[in-house]
Amino acid sequence: MSTPAGGNLGSVRRLALAHMWVAFALFAVACVLGVYQLLERGHFVRTSAAAYYGSTTLHGVVQAFVLTTFFIVGFGYCVTAASLGRPIRRTGLAWLGFWTMLVGSVVAALSIAAGKATVLYTFYPPIVAHWTFYAGAALLLVGSLAWTWITIAETVSWKTENPGRPVPLAQFGMTAAAVLWAWTLVGVVVEVVFQLLPLSLGLTPAIDVGLARTLFSWTLHPIVYFWLIPAYVALYALVPKSAGGYLFSDEVGRIAFVMLLVFSLPIGLHHIFVDPEQAAGWKLMHALGTFLVAVPTLLTGFTITASLETAGRLRGGKGLFGWIGRLPWSEPVTLGGILAVIVLLPGGFGGLVNASYAMNVMVHNTAWITAHFHLILGGTVVTMYFASAYALWPKLTGHRLHSKGMATAQIWLWVVGLLVLTVPWHYQGLLGMPRRVAYMPYDPALVARWERWNALILAGGVLMVLSAVLLVVNLLLTHGGASEEDRELVFADALEPVVRVPALLNGFTVWNWLLVALMALSWAYPIGQFFFIGVHKALAWGFR
Amino acid sequence: MSVHPLERRWMAISVLLVAVMGGLVVYTAYASRLHPPSNVETIDSTRLHLTAEFAEDHLGVERAKDGTVVARLVMARYMVHPQEITLPAGTPIVLRVASADVLHGLHVVGTNIGTQVVPGYVAEVHTTIRFDSVAKYGTANPDGSVTVPLFCNEYCGLGHQSMWGRVRVTRP
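Residue numbers (my numbering), protein chains in the order written: chain A, 1 to 544; chain B, 1001 to 1172.
What follows is the structure, encoded as C-alpha cells:
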C-alpha cells in the first residue's frame, strides 16, 4: 500500500490549536513592531535608539524563534496524527513541552521589553543581556525537544508496526525536521548554557567571543531549514491536493528531505565569512557545502511546479502555459503554494550570492541581508504557514473557514507587501546601506541616496501588517462559523503510488551516522582551535 | 522506486549548475586571491594600548618598505580611531583592525573593505581601492580626492549608529 491518504486530527485538536495560536498572535504583534522600525528608520517618527534596537530584538526573537517553533510543533502534531492515521501518544509530554516553551517565550519577551536584553536575536556577546533572556530562550528551545522526541518516536513505532511499508512522505519530512532540529540546537544550546548564562549571572567575567560566534553559526544555517522543511512538507503534501492534482514524485521528495538534513548542517561558517577567527580553507569548504544545499530546493521547485502542471492539465489546461490559468487560484492553499515557490526564486538567488565566499563581503551586514532573509522566512516559509493554517483550521475546529476570499486577499497582500519591502532593500544593500542602525548620521548626500525609497518600503510593511490582521481575524471568526462535516486531513497522492522505497529513503539511521562524520570533519577543527590558539576572552558589557 | 526521466534530467542540471557556481568560487578565490579576512591572529583586547602595534601613536596609515600601505585602526564604543585616514587608490592596502571592547564591524562604502572586528582578534583586510568606485559614493574634495564614510556595521550597543569616521581616497 502507498501513503494512506489522511486521517483525523481529533487527538491533536487542542494541542495543535494552542501552539499555532501562540505562533500567530505573537507574529501579528511582531509585524507591528516591524512597521515601527520602518517608521523610525524612515524618519517618520523619532523615539530613541534604545526603542529601535529593543524593538528589533523583540521582532527578530518572535519571528525567528517563537513564530517558527510554535507553528512547526503544532503543524507537526497534525501531520503525524493525520499521516500515520492514528492518535499521537505521549500527549502529556507534548503539553509539558508547550508550557515550557510558552513560559520561556514570555520570560524572554518581558526581559526584552524591560530593556534588559537589547542584544538582537543573534545575541552578539560580549554584550550581555539579563540572565532571564537566556533562560527564557533556553526554555523555548528545550521545550520544543518534546515535539522532536514525540515525532521521532511515532515514526519509529509506526515502522515497527508496519514493516516494509514506506513512512508517509509528510511524516518522513517532519521526521527529517525533528532530526535536523536536534542537531541544530547543539550549537546554540552549548553557547547559552556554557557561555552566555554563566556570563550573565556573573559567574564568569569574560567570554571567548570567537568560540561563541562559531557555536552560533553552527545553529544559524540549519535553523533556516528547520523553518523551511515544514513549508516544503505543505508544498509536497497539501498543495497538489488542493490544486486538484497529484504529487509528481514521492521519491524525489524523500531525496530532497534527506539532502536538506545532511547538507544544511556542515555549512554554518558562511555566516561568519568575514570573521577573523576562522581560516580561509574552512570557510571555503563550508561555502561549497552551501552550494550543495541549493540542490534539494531546485528539486523541490521542479517537483512542485510539475505537480501544479499536472493539476492544471487535469482541469483542462492546454498548451505550454495554458495550465497556469486553469489552476484554482481562489484556493488559499494552492495560491500560497504558487506564490511561495515564486518568492523562493529571488530568495534562493540572493542566498547563492551570500554563499559566494568572496562576494559575500559586498553585501555583509547591509540591507541586502535583511531583504534576503525576509524573502525566505517572510516569503516562502511564512506564506506556507498561512496556507497550511487555512487547510488545518476547518479540520481542527470543525468549522468551515470563515472566508476564502479574505484568505486569498491576505496571501496576495502579504506577498505583494513583501516584494515592495524587499526589492528596494536589496538595492539599498548593493549601495552599501547598513542594516540594524537606528538612524544614519553619515554623509548626508550618500544617506539621502539610500533613503529615497523609505516611503515605498514603509508602504510594503503596512500592507504586510494589514495582511497579518486579516489572517488573525479570519482564523478567529472560523472558530464560530458554519460547521465542517469533513474532518479528515487528506494528503496528495503521488502520480505513481509508492509501494516500496529503499531503506535509505525510509529512515535516518545511516544519514545520522553520515552526519556524525560530516560534522566532525567540518566543525572539529573550527571549534577545537579555540582550545589551543591562545585566545583572549572579552569582558562583558551590557544589560545584566 | 522510480524517478521520472524529466526529473533525472533536472537533477543532472541542478548538480551541474551548483558545480559550476562552486567551481567559479574556488577559481576566483585562488586565481584572483580573493579571500575574506581570515588571519586567525589573537590579541588581548583589554591591553591594546600596551601593545607595540595598537598603541595610540602607532594608529593610522604607514607605508611599508615594499610599498604596501598599512592602516591600523582601533574600534571602541562608539568611536573609530583615528577618525579620518587617507588611503591611496590603485595601491595594495592592508588594514589591521582591533576592537578594544565588544564586537564591531567595519565597512567602507564603495570598496571591498568589510570585516567583523571581533574582540580578541586582529582583523586583517587586503585590498586595492578603485578610485572610480569610491567616486560614485563619496564627496569630492578640492584637491581631487574623494571622502567616503567608514562605519561600524555590527550592532555594538545603543550608540552603534554614531560610530563612524571617514576615509579620504587619493587618486592613484
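Note that beta-carbon positions come from the ideal geometry of N, C-alpha and C, so glycine has one too. Fair warning: this is a prediction, and the values are worked out from it, not measured in the lab.
Judged by beta-carbon spacing, A/V107 lies within the 8 Å limit of A/A135, meaning their Cβ atoms are closer than that value. At a cut-off of 8 Å between C-beta atoms, A/Q278 counts as an interface residue with respect to chain B. In this structure A/N365 is buried. Its beta-carbon is surrounded by 16 or more other beta-carbon atoms within 10 angstroms. If only uninterrupted alpha helix (DSSP H) runs of at least 4 residues are considered, those enclosed by the region 326-389 of chain A are 332-355, 360-363, 367-373. Within chain A, the residues placing a beta-carbon under 7 Å from that of B/P1119 are P126, V209, A538, ordered along the chain. Of all residues in the region 282-308 of chain A, only K283, L284, A287, L288, F291, L292, A294, V295, L298, L299, F302, T303, A306 place a beta-carbon less than 8 Å from a beta-carbon of chain B. Secondary structure at A/G202: coil, using DSSP grouped into helix, strand and coil.
For B/E1124, the nearest CB of chain A lies under 8 Å from its own CB, placing it at the interface with that chain.
Here B/H1058 is exposed. Its C-beta has fewer than 16 other C-beta atoms within 10 Å.
Under the criterion of beta carbons closer than 8 Å, A/Y385 and A/F65 do not qualify as touching, at roughly 14 Å. Residue burial is scored here from C-beta neighbours: A/S157 has fewer than 16 other C-beta atoms within 10 angstroms and is therefore classed as exposed. For B/G1159, the closest C-alpha among the options B/V1148, B/T1139, B/V1102, B/V1118 is that of B/V1102. Under the rule that a run must span 3 or more residues, the beta strand (DSSP E) segments found entirely inside the region 1029-1101 of chain B read 1060-1063, 1069-1076, 1079-1081, 1084-1088, 1092-1099. Counting only residues of its own chain and dropping the five nearest sequence neighbours on each side, B/V1018 has no CB closer than 7 Å to any other CB.
Two segments are said to touch when three or more pairs of C-beta atoms, one from each, lie closer than 8 Å; by this definition the region 268-276 of chain A touches the region 1112-1128 of chain B. For A/Y232, the three-state secondary structure derived from DSSP is helix. Residue contact check for A/R313 against chain B: no CB pair falls below 8 Å. Annotation: the region 1115-1168 of chain B contains the following complete segments of the beta strand (DSSP E) (minimum length 3 residues), in chain order: 1121-1128, 1146-1151. B/M1021 and A/F291 do touch by the CB rule: their CB atoms are close to 6 Å apart, below 8 Å. Pairing A/L335 with A/G301 gives a Cβ-Cβ distance that is not under 8 Å. Listed along the chain, the chain A residues whose CB falls inside 9 Å of the CB of B/I1043 are H536.
Inter-residue distance for A/M101 and A/L141 is about 7 Å (C-alpha atoms, whole angstroms). The beta carbon of B/S1145 does not come within 8 Å of any beta carbon belonging to chain A, so the residue lies off that interface. Neighbours of A/H426 across chain B, judged by C-beta separation under 7 Å, do not exist; the nearest C-beta is about 16 Å away. Counting along the chain, no alpha helix (DSSP H) covers A/E496, and no H or E run does either. In this structure A/R436 is in contact with B/Y1155, their Cβ atoms being roughly 5 Å apart against a cut-off of 8 Å. Between A/T214 and chain B, the shortest Cβ-Cβ separation is not below 8 Å. Identification of residues in the region 469-498 of chain A having a C-beta nearer than 7 Å to some C-beta of chain B yields E496, given in sequence order. Bounds of the beta strand (DSSP E) holding B/L1106 are 1104-1108. Residue-level contact by beta carbon holds for A/S249 and chain B, with a gap shorter than 8 Å. At a C-beta separation below 8 Å, B/E1084 has no neighbours in chain A, since its nearest C-beta there lies roughly 12 Å away. The region 243-295 of chain A contains, as complete alpha helix (DSSP H) runs of 4+ residues, the segments 250-264, 280-292 (chain order). In the DSSP annotation of this structure, the continuous segment of the alpha helix (DSSP H) that includes A/A28 starts and ends at 13-41.
In the three-state DSSP reduction, A/A538 falls in the strand class (E or B). When C-beta atoms of the region 14-26 of chain A are compared with those of the region 76-92 of chain A, three or more pairs fall below 8 Å, so the two segments count as touching.
Ranked by how close their Cα comes to the Cα of A/I267, the residues A/A482, A/Q195, A/L320, A/N354 have A/N354 in first place.
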